[in-house]
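>
And the structure:
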């Protein structure tokens, strides 16, 4: 999508908001006047004279009836109903297109104009509204040439001499025809529903007969795609068949993150080429400078939720390296046949300095009978990505199958995988035995 300057959207947002507020105020005043008119009518008595009897006029002769507001109410309800539908769409697919708002555009214009008409003094209505209409018409004329046309200018063709000397290079080749020189992810942190600009530097290695397409995928939890942008280079303005050997283009792809993407998580950025006419559209293998096939992952960022969960207080335990365990909850652990899970709520006080692994141990009669080790959030959100104020909900499955009846206890903690050293754990300032936190007890029946 082609976007205009931010001030333009601020102006377009301001107009209907002022109109809506003014209209609500005017409608409220009309209803109050109607009720007041009824009260005055009821209070008046017929006045008899020698010639005739006069009655007070009904209030409806000079005060608008509520039914006269019905067209306005319908114009208000329709955009609200459409907004509800689009909000549901955003939560499922992560974004909307501007054309999806067009059915309500007429109602929005009527409500806006009506509101401005009601708030302005009679002598100022025509000059101000006329000026706004002229301004809107001028913006409509400027947008195609000042914004849209500029977006269709193809990016400049560069050479190796134009690239910065300190550019972090990847130098991955595809079919010995195109080289991915470098990638720059334009955001370190993002939220669901936002766009992440990914800038890629491409170079043609030889003349091509195929117009290759570019894919940019954002990979979240469980290696599932939570955002993608598939296009031709430069949005089709620089087809690969038009590039000559040695020519370089710098292309930016705004990738939209799905509104329902699970967070927090690490997002992997995958970039590559594919032939849209090839069955199945498989990605072309990427080779490094030594000719070895490599992963399409070229970068990463972190995805955080729009609203963090509440932090339990007081914490169950405090660990070294700026980590607290807010709470640990057992679910479905009442029998060996159920799917038992332990849910940790980790609290980050600052960014941890190392990548830690969670250990979970099941003990019975003073002996460890099972162990369940794994990284937080199944490896999708490692501790070096955590930061101050984050609340990380971490679910770990516990296998209770084939265990004899009896009482068991679970303990847990953190350790450094490479060295095996446990992270120090404390409760009320005192170190916990073996730096392990008592999570809870499990009783397995016969």
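Numbering (the working numbering), first residue to last: 327 to 772.
Virtual Cβ for every residue (Gly too), placed ideally from N, Cα, C.
(1) Between which two residues does the alpha helix (DSSP H) harbouring residue 469 extend?
(2) On the CB-based measure, 16 or more other CB atoms within 10 Å of its CB, does residue 303 come out buried or exposed?
(3) What separation, rounded to the nearest whole angstrom, lies between the Cα atoms of residue 469 and residue 609?
(4) So is residue 735 buried or exposed if we call it buried at 16+ other beta carbons inside 10 Å?
(5) What are the partner residues of residue 815, as DSSP defines its beta bridges?
(6) CB-CB under 7 Å to residue 741, same chain, minus the five flanking residues each way: which ones, in chain order?
(7) Does the Cβ of residue 716 have 16 or more other Cβ atoms within 10 Å, making it buried, or fewer, making it exposed?
(8) Compare the Cα-Cα distances from residue 645 to each of 756, 603, 342, 488 and report the closest residue.
(9) Tell me, to the nearest whole angstrom, how far the beta carbon of residue 588 is from that of residue 546; I am working on the premise that it is less than 8 Å.
(10) Taking residue 707 as the reference, give the member of 695, 696, 721 with the closest Cα.
(11) Quick one: give me the first and last residue of the alpha helix (DSSP H) that residue 437 is part of.
(12) What beta strand (DSSP E) runs, 3 residues minimum, are completely inside the region 646-715?
(13) Applying the criterion that 16 or more other CB atoms from any shown protein chain within 10 Å of the CB defines a buried residue, is residue 442 buried or exposed?
(14) Determine, using beta carbons only, whether residue 524 and residue 509 come nearer to each other than 8 Å.
(15) Using a 10 Å radius around the Cβ and a threshold of 16 neighbouring Cβ atoms, would you call residue 351 buried or exposed?
(16) Tell me the DSSP bridge mates of residue 752?
(17) Do you know how far the Cα of residue 399 is from the Cα of residue 385?
(18) What's the gap between the Cα of residue 455 and the Cα of residue 579?
(19) Relative to the alpha-carbon of residue 349, which residue among 402, 331, 328 has its alpha-carbon at the smallest distance?
(20) Should the region 559-572 be regarded as contacting the region 529-537, the criterion being three or more beta carbon pairs within less than 8 Å?
(21) What do you reckon, are the CB atoms on residue 638 and residue 596 nearer than 8 Å?
(22) Report buried or exposed for residue 584, applying the criterion of at least 16 other Cβ atoms within 10 angstroms of its Cβ.
(23) Identify the residues that DSSP records as bridge partners of residue 742: which are they?
(24) Output the distance between the C-alpha atoms of residue 447 and residue 337, rounded to the nearest integer angstrom.
(25) Over the uninterrupted beta strand (DSSP E) stretch that includes residue 574, give me the two end residues.
(26) What residue does the beta strand (DSSP E) around residue 627 start on, and which one ends it?
(27) Can residue 647 be considered in contact with the ligand FAD, in the sense that its beta carbon sits closer than 7 Å to one or more heavy atoms?
(28) For residue 330, which residues of its own chain have a beta-carbon under 8 Å away from its beta-carbon, when the five flanking residues on both sides are left out?
(29) Going by DSSP, what residues sit across from residue 527 in a beta bridge?
(30) Taking 8 Å as the threshold (C-beta atoms), are residue 613 and residue 604 in contact?
(31) Please report the distance separating the alpha-carbon of residue 406 from that of residue 357.
(32) Using only CA atoms, which one of 538, 549, 553 lies nearest to residue 789?
(33) Thinking residue 649 and residue 678 are a contact (beta carbons under 8 Å), I'd like their distance in whole angstroms, please.
(34) In three-state terms, what does DSSP make of residue 539?
(35) Which residues bound the beta strand (DSSP E) around residue 473?
(36) Do residue 590 and residue 641 have their CB atoms nearer than 8 Å?
In short:
(1) 448-469
(2) Nothing can be reported for residue 303: it is not among the residues displayed for the chain, which extend from 327 to 772.
(3) 37 Å
(4) It counts as exposed.
(5) Since the displayed the chain opens at 327 and closes at 772, residue 815 lies outside it and no answer follows.
(6) Close CB contacts of residue 741 within its chain, under the 7 Å cut and outside five residues either way in sequence, are with 682, 683, 685, 747, 748, 749 (chain order).
(7) buried
(8) 756
(9) 6 Å
(10) 721
(11) Taken as a continuous stretch (DSSP letters only), the alpha helix (DSSP H) holding residue 437 covers 431-445.
(12) 649-657, 666-674, 682-690, 693-697
(13) Buried, since its Cβ has 16 or more Cβ neighbours within 10 Å.
(14) Yes. Within cutoff.
(15) exposed
(16) According to DSSP, which records beta bridges pairwise, residue 752 is partnered with 644, 757.
(17) Here the model assigns residue 385 a pLDDT of 47, short of 50, so the residue's position is not dependable, and the following value carries that caveat. Straight-line Cα distance between these residues: approximately 22 Å.
(18) 40 Å
(19) 402
(20) Result yes; three or more Cβ-Cβ pairs closer than 8 Å.
(21) In this structure, residue 596 does not lie closer than 8 Å to residue 638 by Cβ.
(22) Buried, because 16 or more other Cβ atoms sit within 10 Å of the Cβ of residue 584.
(23) 682
(24) 22 Å
(25) 574-582
(26) Element bounds for residue 627: 623-629.
(27) With respect to the ligand FAD, the structure offers nothing, as it holds no ligand at all.
(28) In chain order, 469, 473 place their CB closer than 8 Å to the CB of residue 330, counting only its own chain and leaving out the 5 sequence neighbours on each side.
(29) 508, 576
(30) no
(31) Going by C-alpha positions, residue 406 is about 22 Å away from residue 357.
(32) Not covered by the structure: residue 789. The range shown for the chain is 327 to 772.
(33) 6 Å
(34) strand
(35) Neither: residue 473 is in no beta strand (DSSP E) and is coded neither H nor E.
(36) Not in contact: residue 590 and residue 641 (Cβ atoms no closer than 8 Å).
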